[in-house]
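Chemist:
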Amino acid sequence: MEREIGHIEINHAEENSIDSVQLILNTNTGKCLHSVLKIGISCSKEIPNERMNIGDAVKELLHVKTACMDAEIHGDRMPRTG
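Reading the sequence shown from the start, the letters are residues 724 to 805 in this note's numbering.
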């Protein structure tokens, strides 16, 4: 089964993969991973002026670490980040 989204055709197997990724990203672990990857991408932009400042990156990573650890310990949902 195929459907078209914009100019992209997605078959049924790909839809299942996308659904699986969305389920993972809705977990605390997935949200933590998403936050860390966002910071990593911001730090590795091709143009140096567009990269996240290393001090800001450290602060963000510490914030993510604290939020993830608290969510793990207390079983809470991690707060959404920008």
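We put the CB at the ideal spot given by N, CA and C, even for glycine.
Using only the alpha-carbon positions, how far apart do Ser740 and Lys788 sit?
Modeler: The straight-line gap from Cα to Cα measures roughly 28 Å.
Chemist: Relative to the C-alpha of Lys782, which residue among Asp742, Gly763, Asn749, Thr750 is closest?
Modeler: Residue Gly763 is the option with its Cα nearest to Lys782.
Chemist: Could you spell out where the alpha helix (DSSP H) holding Asn751 opens and where it closes?
Modeler: 751–766 is the extent of the alpha helix (DSSP H) around Asn751.
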